[in-house]
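Just so we're aligned: the sequence shown equals residues 34 to 168 in my numbering.
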Amino acid sequence: MNAIVRPVASREVELRRAFLGSRYQLQLAGEWLDLSLEESNRALLPWLSGDACWAVIGAVNPGARRYPERLNDRRHAALRARCRREGLTVWPARGMAADGSWAEAAWWLSCPDLRGIDHLACRFGQRAVIWGRGG
């Protein structure tokens, strides 16, 4: 698996470090699964079609700034609706600080390729996307 953290709208070293130091989880079949950015995640394979790509993308706290919970909830729902309109399969995901000081809702997408993922991230004000291919 190739998991990449790539700042979309910025190349700020501090943010990149924070994204790489964060933990990411996916909810599959009712259970939370840790997503490793450094090694293969074989548990993902049954959920992916062949060599499909995947991405973890959120819509909350755009621009890496805190926003009111109500606004974040609306943005989160809007991202899910947008993904579904584009024919993407989505599952709940979350990113959290390694020390547990914050957590953010996100979506894990299974997609045939990565075209459009950067566009979605930019549209929803996100500064980084976690993505990979296969498990």
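Using N, Cα and C, we set each Cβ at its ideal position, and we do this for glycine too.
The shortest C-alpha to C-alpha distance from Trp135 to any of Glu71, Asn94 and Thr122 is the one to Asn94. Comparing C-alpha distances from Pro79 to each of Leu61, Gly133 and Ala111 shows the shortest one belongs to Leu61. In the three-state scheme derived from DSSP, where H, G and I count as helix and E and B as strand, Val93 is classed as coil.
The stretch 152-159 and the stretch 122-132 do not touch, with fewer than three beta-carbon pairs separated by less than 8 Å. Judged by DSSP in its simplified three-state form, Pro101 adopts coil rather than helix or strand.
Straight through space, the alpha carbons of Ser69 and Glu102 are spaced by roughly 28 Å.
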